[in-house]
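Novice:
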DNA sequence: GGGATTTATCTTGATATCAAGATACTGCTG
DNA sequence: CAGCAGTATCTTGATATCAAGATAAATCCC
């Protein structure tokens, strides 16, 4: 069993300052010196950053009176391009929720007038969900705002670091989805 | 407004294969060429990886008959070290949930016999949540298993890349928490 | 030391999610 | 062309979460 071989180097590289995850990992290392807790430096940090990111995005969404889950759906439809319509099944795949959740989401978005359901051609089981003009305007406004804030969030990270981050995360995602 | 200056380089670096986020970002770029969508390469990917990671961990937890939220709480208590006890407030801070959620979680863990509540000394408002022996055994077993799986997940990522990933994420987390 | 403020925890009510199963239609196979 | 497995969507029931507020005790400050 390989024993925290990478920990010392990691520690050196980050001498400037600890974050909450460093404290968590150190605590585990102290309590379980028999385990290699190095993976936590990457994977726990991802979970924690994602959590905070959700919270932060929430405040950006609030100013447009939109919930995160609403944006998820509208945004999948928007980036599909004209005529801005997808099947519920396709929406399920893209948003990583279950079919029941998607039915519920589409219901509520339809009530708000942001999407519309129509029968699928050539398949009487099927439905297509399409963005209304109002939905499109909304998602466009939110997206511009969101990107501005994310730009700012990344502004202290050099371009090179952003690329490395993206590449590493892509590898992980490939592992998880492949 | 800076216009997707980093996108071409990113694209080149990843010629080997696209992931789902690449497809999402490309679609946005096509639909909104006026916006700089590069931040999504990092931030959307973090959300998506985190989501998948949750799902993956879920299956590891299931074999020990533990839910993710249970592990979160037990693990905070475990790494606190002897005597394995923390206030509900401290647990709230570490797990990023609200106080109502924590009350509920502690209730359920107490019912399962994994933790125990006792009055805080010197503060009659307060309570301390402490790990039972059973809780400690459980969290130790789950942690060992979890680390083994995460080790494997990271095994295709060179050590150097893991370090860079950790460093970049730490910077982001500092931004989000500071 | 007594009243206002802050801190710590718990309660309540509304909501979003999921797993499992129901329903309805398609399209393959023999 | 009949039956049957597969696909697409929706329904149901249980559950975890959150926001807001209630309650109680500690601490501050004059």
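Chains as they are written, first to last, in my numbering: chain V, 36 to 213; chain U, 36 to 213. Backbone N, C-alpha and C define an ideal beta-carbon position, used for all residues, glycine too.
Compare the C-beta of residue 84(V) against all C-beta atoms of chain U and say whether one is closer than 7 Å.
Specialist: So, interface residue.
Novice: Let me confirm a value: residue 71(V) is counted as buried when at least 16 other C-beta atoms fall within 10 Å, else exposed. Which label applies?
Specialist: That one is buried.
Novice: For a cutoff of 7 Å on Cβ pairs, would you count residue 74(U) as touching chain V?
Specialist: yes
Novice: Tell me, please, whether the CB atom of residue 136(U) is closer than 7 Å to any CB atom in chain V?
Specialist: no
Novice: According to DSSP, is residue 193(U) part of a helix, a strand, or is it coil?
Specialist: coil
Novice: Counting only Cβ-Cβ distances shorter than 8 Å, please list the residues of the region 184-211 of chain V near chain U, keeping chain order.
Specialist: Here the close residues are 185, 186, 188, 189, 191, 192, 194, 196, 197, 198, 199, 200, 201, 202, 203, 204, 205, 206, 207, 208, 209, 210, 211.
Novice: Taking the beta strand (DSSP E) that residue 5(V) falls in, what are its first and last residues?
Specialist: Nothing about residue 5(V) can be reported from this structure: the residues present for chain V run from 36 to 213 only.
Novice: Beta carbons nearer than 8 Å to chain V: which residues of the region 93-109 of chain U have them?
Specialist: none
Novice: So with Cβ pairs under 7 Å, would you call residue 77(U) a contact of chain V?
Specialist: yes
Novice: Between which residues of its own chain and residue 167(U) is the CB-CB distance below 7 Å, once the five residues before and five after are set aside?
Specialist: 148, 149, 150, 151
Novice: Tell me, please, whether the region 168-183 of chain V touches the region 91-108 of chain V by the rule of three or more beta-carbon pairs shorter than 8 Å.
Specialist: yes
Novice: Would you mind telling me which residues of chain U sit closer than 9 Å to residue 56(V), beta carbon to beta carbon, in chain order?
Specialist: Residues of chain U passing the Cβ test: 201, 204, 205, 208.
Novice: Just mark residue 85(U) as buried or exposed, buried being the case when its beta carbon has 16 or more other beta carbons within 10 Å.
Specialist: buried
Novice: What number of angstroms, rounded off, separates the C-alpha of residue 125(V) from the C-alpha of residue 111(U)?
Specialist: 38 Å
Novice: Out of 60(U), 115(U), 199(U), point me to the one whose CA is closest to residue 193(V)'s CA.
Specialist: 199(U)
Novice: Please report the Cβ distance between residue 56(V) and residue 83(V), rounded to the nearest whole angstrom; I am assuming they are in contact, meaning their Cβ atoms lie under 8 Å.
Specialist: 6 Å
Novice: For residue 165(V), which three-state DSSP category applies?
Specialist: Strand, per DSSP.
Novice: Going along the chain, which residues of the region 158-186 of chain V sit with their C-beta nearer than 8 Å to a C-beta in chain U?
Specialist: 175, 178, 179, 182, 185, 186
Novice: Tell me, please, whether the CB atom of residue 147(V) is closer than 7 Å to any CB atom in chain U?
Specialist: Output row for residue 147(V): interface = no.
Novice: For residue 154(U) and residue 121(U), what's the separation of their Cα atoms in angstroms?
Specialist: 11 Å
Novice: Can you check whether the C-beta of residue 87(U) is within less than 7 Å of a C-beta belonging to chain V?
Specialist: Closer than 7 Å: yes.
Novice: According to a CB-to-CB cut-off of less than 8 Å, which residues of the region 60-73 of chain V neighbour chain U?
Specialist: Taking 8 Å as the Cβ-Cβ cut-off against chain U, the residues of the region 60-73 of chain V that qualify are 62, 63, 65, 66, 67, 70, 71, 72, 73.
Novice: Output needed for residue 116(V): all residues of its chain with C-beta closer than 6 Å, excluding positions within five of it in sequence on either side, in chain order.
Specialist: none
Novice: Mind checking whether residue 123(U) and residue 137(U) have CB atoms under 7 Å apart?
Specialist: In this structure, the beta-carbon distance from residue 123(U) to residue 137(U) falls below 7 Å.
Novice: DSSP beta-bridge partners for residue 121(V)?
Specialist: 164(V)
Novice: Cβ of residue 131(U) less than 7 Å from any chain V Cβ?
Specialist: yes
Novice: What are the start and end residues of the alpha helix (DSSP H) that includes residue 97(V)?
Specialist: 74-97
Novice: Just how far apart, CA to CA, sit residue 201(U) and residue 139(V)?
Specialist: 37 Å
Novice: Less than 7 Å between the beta carbons of residue 188(U) and residue 210(V), yes or no?
Specialist: yes
Novice: Rounded to whole angstroms, what is the Cα-Cα separation between residue 195(U) and residue 207(U)?
Specialist: 19 Å
Novice: Measuring CA to CA, which of 185(V), 58(V), 190(V) is closest to residue 12(V)?
Specialist: An answer regarding residue 12(V) cannot be provided, because it is not within the stretch 36 to 213 covered by chain V.
Novice: Closest by CA to residue 81(V), which one among 212(V), 129(V), 203(V)?
Specialist: 203(V)
Novice: Which residue's Cα is closest to the Cα of residue 169(U): 156(U), 78(U), 145(U)?
Specialist: With distances taken between CA atoms, residue 169(U) lies nearest to 145(U) out of 156(U), 78(U), 145(U).
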